[in-house]
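Remarks on the structure that follows.
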Amino acid sequence: MLSLKVLISRTLITCLFFSCPVFANTYLEQNGILIVEAESEPAAGDWSQQNSISGYAGSGYLVWTGANSFAQSTAGRGAITYRFRIQEAGNYELRWRSRITRGNNSTEHNDSWVRFPSGRNVSGQQPLNGWTKVFMNRLGQWAWQSATVDHVGKPVRQYFSAGDHTFQISGRSNGHAIDRISLFKYDDVSFNENRFNSLGQSPTTSGNSQPSSDPEPNPEPEPEPEPEPEPEPEPTNDAPTTVTAPVVSVDGALLQWAEVEAIAINVHQGTGEWLESLPGNATQWEAGGPGTYYLVATGEGSWETWGRSETVTVESIGSQGSESGQSPLRLTSQVYSSSAIEIFWTGNESAIVSYEVRRDDELLTITDARSYFDEGLTAGTQYRYSILELDAAGNEVANEEISVTTLGDGADSNVSTAPELVLTASVYSQSALELFWNEIALDAANPYQYQVYSGGELLEVSEGRSLFIEGLTADSVYDFYILAVSDDGSTVVSNSIQVRTFAPDSQ
Numbered sequence: 001m002l003s004l005k006v007l008i009s010r011t012l013i014t015c016l017f018f019s020c021p022v023f024a025n026t027y028l029e030q031n032g033i034l035i036v037e038a039e040s041e042p043a044a045g046d047w048s049q050q051n052s053i054s055g056y057a058g059s060g061y062l063v064w065t066g067a068n069s070f071a072q073s074t075a076g077r078g079a080i081t082y083r084f085r086i087q088e089a090g091n092y093e094l095r096w097r098s099r100i101t102r103g104n105n106s107t108e109h110n111d112s113w114v115r116f117p118s119g120r121n122v123s124g125q126q127p128l129n130g131w132t133k134v135f136m137n138r139l140g141q142w143a144w145q146s147a148t149v150d151h152v153g154k155p156v157r158q159y160f161s162a163g164d165h166t167f168q169i170s171g172r173s174n175g176h177a178i179d180r181i182s183l184f185k186y187d188d189v190s191f192n193e194n195r196f197n198s199l200g201q202s203p204t205t206s207g208n209s210q211p212s213s214d215p216e217p218n219p220e221p222e223p224e225p226e227p228e229p230e231p232e233p234e235p236t237n238d239a240p241t242t243v244t245a246p247v248v249s250v251d252g253a254l255l256q257w258a259e260v261e262a263i264a265i266n267v268h269q270g271t272g273e274w275l276e277s278l279p280g281n282a283t284q285w286e287a288g289g290p291g292t293y294y295l296v297a298t299g300e301g302s303w304e305t306w307g308r309s310e311t312v313t314v315e316s317i318g319s320q321g322s323e324s325g326q327s328p329l330r331l332t333s334q335v336y337s338s339s340a341i342e343i344f345w346t347g348n349e350s351a352i353v354s355y356e357v358r359r360d361d362e363l364l365t366i367t368d369a370r371s372y373f374d375e376g377l378t379a380g381t382q383y384r385y386s387i388l389e390l391d392a393a394g395n396e397v398a399n400e401e402i403s404v405t406t407l408g409d410g411a412d413s414n415v416s417t418a419p420e421l422v423l424t425a426s427v428y429s430q431s432a433l434e435l436f437w438n439e440i441a442l443d444a445a446n447p448y449q450y451q452v453y454s455g456g457e458l459l460e461v462s463e464g465r466s467l468f469i470e471g472l473t474a475d476s477v478y479d480f481y482i483l484a485v486s487d488d489g490s491t492v493v494s495n496s497i498q499v500r501t502f503a504p505d506s507q
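Just so we're aligned: the sequence shown equals residues 1 to 507 in the working numbering.
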């Protein structure tokens with residue numbers, strides 16, 4: 001028998017060499033319902049506790065203010081851990097009350113990552129594999145809406161045995177806010193937004209209760225004395241079968257394969273980045289540009305049973321982009337001053353090795369970078385830049401142009417330029433884009449309104465830091481700048497940018 005002294009020593013050694021987490025709160029599930037205020041645990045990383053948007057419960061909400069972390073390999077930034085105790089073992093569904101806090105697009109700034117280290121997949125439900133994207137799509141409101149798998153919208157469900165468990169959230173999309181997080185036994189509890197809004201946070205408890213390794217067994221007859229008892233089954237029904245991997249062929253930009261039995265077909269770049277989720281019966285997908293790609297056919301089991309195709313290569317698809325008509329370069333620009341401009345482009349992967357940069361037909365450089373900074377320019381002058389994209393054999397893949405005008409001389413003495421008031425843009429389609437601006441340079445004690453100008457004309461006045469613009473013309477260049485006006489009349493002007501909408505589909 002171990003002495004108390006030896007037992008204590010071994011416990012200390014275990015906590016020194018392994019993680020022995022200490023949780024201030026262990027939230028207690030009652031009657032099949034668990035509710036946690038997101039801000040009840042300290043904000044970590046770039047999560048920020050705020051209360052400026054009304055309608056929240058508790059003392060506020062958490063909003064992700066860090067960079068976007070779309071790839072699963074980047075999940076876990078600012079991870080916050082919540083400990084909870086399950087009294088009624090069973091299948092639970094996650095729903096959180098969240099909100100889009102920036103922009104006017106229901107598919108942007110609308111998701112975060114979640115992970116259940118001790119949860120188990122449920123037969124017939126979407127299997128989870130580590131960090132899982134959970135999204136919503138309602139604008140201008142707090143909504144109990146949580147789903148996973150893009151373009152499908154599967155509920156987020158896991159089995160939990162009786163005992164203590166944890167779940168974690170981490171930042172994915174900048175501007176996504178989470179107010180409350182709930183787990184409920186969906187077979188026994190009918191979800192109702194009004195009811196879940198009115199429920200208080202689950203009580204906390206102390207101590208430690210390890211989760212059962214198996215679901216609660218049904219009563220059985222007394223076992224025979226000799227044989228070992230049969231292990232209890234998983235909460236799932238039958239063992240999952242392996243999903244057949246698609247065999248992919250390439251025809252130009254088109255990836256094709258025979259239909260396989262799958263819940264969904266996920267398209268990835270060769271680097272592993274997820275691109276799109278297709279229906280399980282899909283048999284083709286068109287690449288937006290040259291590069292390497294592979295498919296993952298997902299089923300009901302864990303990721304080990306899914307079918308991953310071989311990686312295939314899409315070569316050059318022509319100088320005018322893919323058949324969908326989208327520009328492969330998507331040139332944008334930023335004007336920093338009366339003498340400095342920077343040009344940016346997205347480019348393609350794999351086959352591309354260099355870019356020729358020209359200003360008014362004069363060759364400036366040959367580079368493998370995705371931007372070019374140009375200085376020593378003349379104030380108030382328009383320049384035409386062209387980017388020629390070349391593959392490894394020296395063949396032209398794309399050639400695009402953009403016109404940019406430097407800031408003029410003789411700016412109003414009451415107007416100051418601040419490099420920190422940076423204007424950027426994201427193009428969403430042939431007719432829609434969104435502007436974003438950073439107000440770090442401005443005096444926080446002095447409220448500002450933001451006048452958005454396009455083509456020299458006032459487009460909108462906003463108190464926010466982004467503006468969604470739609471109804472634009474396909475394959476057209478628009479110029480924008482922001483004028484910040486304070487209550488005392490002082491003004492600050494941002495950089496000027498030019499943005500091109502996507503090209504129309506070819507006929």
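Each residue gets a CB set at the ideal place from its N, CA and C atoms; glycine is no exception.
Please read these numbers as outputs of a predicted model, since none were measured by experiment.
- If you draw a straight line from the Cα of A89 to the Cα of V485, it is about 58 Å long.
- With distances taken between CA atoms, A393 lies nearest to S354 out of P504, S403 and S354.
- Annotation for N137: S106, T107, N110 and Q145 place their beta carbon closer than 8 Å to its own, counting only its chain and skipping 5 residues before and after.
- Going by DSSP, F196 is part of the alpha helix (DSSP H) stretching over E193 to S198.
- Ranked by how close their Cα comes to the Cα of Y293, the residues Y372, N266, G299 and T283 have N266 in first place.
- Nearest Cα to V134 within the set V114, Q126 and P127: V114.
- According to DSSP, residue pairing for N91 in a beta bridge involves Y159.
- Looking from the CA of Y383, the closest CA among R180, E401 and G163 belongs to E401.
- Three or more beta-carbon pairs drawn from the segment 150–166 and the segment 117–125 are found closer than 8 Å, and the two stretches are therefore classed as touching.
- A direct Cα-Cα distance of roughly 12 Å separates E286 from L275.
- Taking the Cα positions, R465 is about 12 Å away from N104.
- Only exposed fits R195, as fewer than 16 other CB atoms lie within 10 angstroms of its CB.
- The alpha-carbon separation between H165 and S73 amounts to approximately 24 Å.
- The closest CA to that of V248, considering only F191, T204, L433 and R308, is found on R308.
- A contact is defined here as three or more CB-CB pairs under 8 Å, and the segment 332–342 fails this definition with respect to the segment 165–174.
- For T298 and T378, the gap between their C-alpha atoms comes out near 56 Å.
- In this structure, DSSP gives E470 a state outside helix and strand, which the three-state scheme calls coil.
- The DSSP assignment places complete beta strand (DSSP E) segments of no fewer than 3 residues inside the segment 52–104 at 61–64, 80–86 and 90–100, in order along the chain.
- Within the same chain, and ignoring the five residues on either side of L364 in sequence, the residues whose Cβ sits closer than 8 Å to its Cβ are V357, R358, Y372 and D374.
- Per DSSP, the beta-bridge partners of I402 are Y385.
- For secondary structure counted as the beta strand (DSSP E) over 3 or more consecutive residues, the segment 104–188 holds these complete runs in sequence order: 111–115, 132–135, 156–160, 163–171 and 176–185.
- Rounded to whole angstroms, L467 and S494 show a C-alpha spacing of 15 Å.
- When secondary structure is reduced to three states using DSSP, S371 falls in the strand class.
- When secondary structure is reduced to three states using DSSP, S333 falls in the strand class.
- The three-state secondary structure of S476, taken from DSSP, is coil.
- Within the DSSP secondary-structure output, F502 pairs in no beta bridge.
- If you draw a straight line from the Cα of L139 to the Cα of T101, it is about 9 Å long.
- In the three-state reduction of the DSSP assignment, A44 falls in the coil class.
- Y478 sits away from E463, with the two beta carbons spaced by 9 Å or more.
- In the three-state reduction of the DSSP assignment, E342 falls in the strand class, which pools E and B.
- Per the coordinates, the alpha-carbon of D391 lies some 41 Å from the alpha-carbon of G45.
- Per DSSP, D251 is one residue of the beta strand (DSSP E) stretching across S249 to D251.
- Here DSSP, grouped into helix, strand and coil, assigns A264 to strand.
- Judged by DSSP secondary structure, S462 falls within the beta strand (DSSP E) whose first and last residues are E457 to S462.
- Per the C-alpha coordinates, the member of F116, T405, R97 and Y92 positioned closest to Y82 is F116.
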